[in-house]
Amino acid sequence: MNIHAVRAIYMFEMNRAFRTWAQSIIAPVLTTSLYFIVFGTAIGSRMGDISGVDYGAYIIPGLLMLSLLSESISNASFGIYMPKWSGTIYELLSAPVNWIEVLLGYVGAAASKSLLLGTLILLTARFFVPYHIAHPVWMVGFLLLTVVSFCLFGFIIGLWADSFQKLQVIPLLVITPLTFLGGAFYSINMLPEPWQTVSLFNPVVYLISGLRWAFYGQADVHIAVSTGMTLVFMAACLAVVWWVFKTGKRIRR
Numbered sequence: 027m028n029i030h031a032v033r034a035i036y037m038f039e040m041n042r043a044f045r046t047w048a049q050s051i052i053a054p055v056l057t058t059s060l061y062f063i064v065f066g067t068a069i070g071s072r073m074g075d076i077s078g079v080d081y082g083a084y085i086i087p088g089l090l091m092l093s094l095l096s097e098s099i100s101n102a103s104f105g106i107y108m109p110k111w112s113g114t115i116y117e118l119l120s121a122p123v124n125w126i127e128v129l130l131g132y133v134g135a136a137a138s139k140s141l142l143l144g145t146l147i148l149l150t151a152r153f154f155v156p157y158h159i160a161h162p163v164w165m166v167g168f169l170l171l172t173v174v175s176f177c178l179f180g181f182i183i184g185l186w187a188d189s190f191q192k193l194q195v196i197p198l199l200v201i202t203p204l205t206f207l208g209g210a211f212y213s214i215n216m217l218p219e220p221w222q223t224v225s226l227f228n229p230v231v232y233l234i235s236g237l238r239w240a241f242y243g244q245a246d247v248h249i250a251v252s253t254g255m256t257l258v259f260m261a262a263c264l265a266v267v268w269w270v271f272k273t274g275k276r277i278r279r
């Protein structure tokens with residue numbers, strides 16, 4: 027394992043994030059704060075509890091997941107796409123590093139930025155609504171699992187994209203709608219049939235449900251199912267990345 031190569035890629039990506047801290051960190055926190063003001067304070071004060079949890083607190087896992095999914099994909103996809111766009115990818119391909127070291131550097135940095143963002147969002151939420159975390163260890167583990175999985179997914183998008191427009195297609199047109207329809211602001215048990223059953227085909231439901239269980243000990247889907255689905259998604263992303271590096275598909279411009 028070339029630790030120096032992993033560290034060089036990791037530090038380069040982290041330094042890039044801190045150079046653009048207003049866009050990378052402050053903007054997502056402000057956006058989430060607006061959601062807390064509108065849904066948690068303005069609307070939430072007029073709504074009852076959901077399964078014994080105040081509505082403002084109930085939407086915290088959903089809002090956290092909404093930000094983490096989009097930022098994880100964006101951080102990882104942009105990180106690997108920039109070398110392709112600038113042509114410096116050839117320096118990386120000719121360096122004495124294998125695909126695992128490249129993956130650890132880029133995905134590790136993207137995951138670190140996403141976890142930092144998640145921490146800031148949780149701290150910000152304290153200013154708007156009181157909440158408690160029933161299973162803090164599970165919460166940290168599930169957050170880490172989710173962030174790494176979607177950073178891998180974002181890395182794949184960065185390898186696939188051949189323009190800046192393509193970097194935004196899946197996050198904006200797929201991930202964001204699925205998150206809104208995945209129980210971010212409500213419980214899928216509140217939906218009538220057949221929409222409740224249809225929602226189970228939305229993969230984001232399992233992510234939000236698992237995180238909500240870690241917060242409040244209740245979920246729309248059993249925690250074991252949520253964890254299993256996330257692990258399957260991570261394994262699938264790893265398999266795709268391995269195939270891309272072995273075949274060289276879409277790595278070069």
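Just so you know, we're using my numbering here: the sequence shown kicks off at 27 and counts up by one.
Glycine is no exception: its CB is placed at the ideal position from the N, C-alpha and C atoms.
Because the structure is a prediction, the values reported are computed rather than measured.
- Looking at the DSSP output, residue 79 bridges to 76.
- In the displayed model, residue 161 falls within coil according to three-state DSSP, outside both helix and strand.
- Annotated three-state conformation of residue 244 is coil, per DSSP.
- Taking every protein chain shown into account, the CB of residue 110 has 16 or more other CB atoms within 10 angstroms, so this residue is buried.
- When Cβ pairs closer than 8 Å are counted between the two stretches, the segment 87 to 106 is seen to touch the segment 222 to 241, the count reaching three or more.
- Counting along the chain, the unbroken alpha helix (DSSP H) around residue 254 starts and ends at 249 to 273.
- Per DSSP, reduced to three states, the secondary structure at residue 53 is helical.
- Residue 245 is classed as buried because its beta carbon has at least 16 other beta carbons within 10 Å across all chains shown.
- Straight-line spacing of the CA atoms in residue 34 and residue 190 works out to 25 Å.
- At the C-beta level, residue 220 and residue 143 stay beyond 8 Å of one another.
- For residue 193 against residue 104, the beta-carbon gap comes to about 6 Å, under 8 Å, which counts as contact.
- DSSP places residue 64 within a helical segment (H, G or I) once states are collapsed to three.
- Per the coordinates, the alpha-carbon of residue 217 lies some 14 Å from the alpha-carbon of residue 77.
- Of the candidates 172, 27, 147, the residue whose Cα lies closest to the Cα of residue 123 is 27.
- Between residue 134 and residue 212, the C-beta gap is not smaller than 8 Å, which leaves the two residues out of contact.
- Distances from the CA of residue 106 to each of 87, 81, 136 were compared; the closest alpha carbon is that of 136.
- When only Cα atoms are considered, residue 202 and residue 58 end up about 14 Å apart.
- Closest in alpha carbon position to residue 86, among 249, 149, 108, 170, is 149.
- Restricting attention to 100, 39, 81, the CA atom closest to the CA of residue 178 is found in 100.
- Taking 8 Å as the cut-off, the Cβ atoms of residue 182 and residue 266 count as close.
- When DSSP states are grouped into helix, strand and coil, residue 216 belongs to the helix group.
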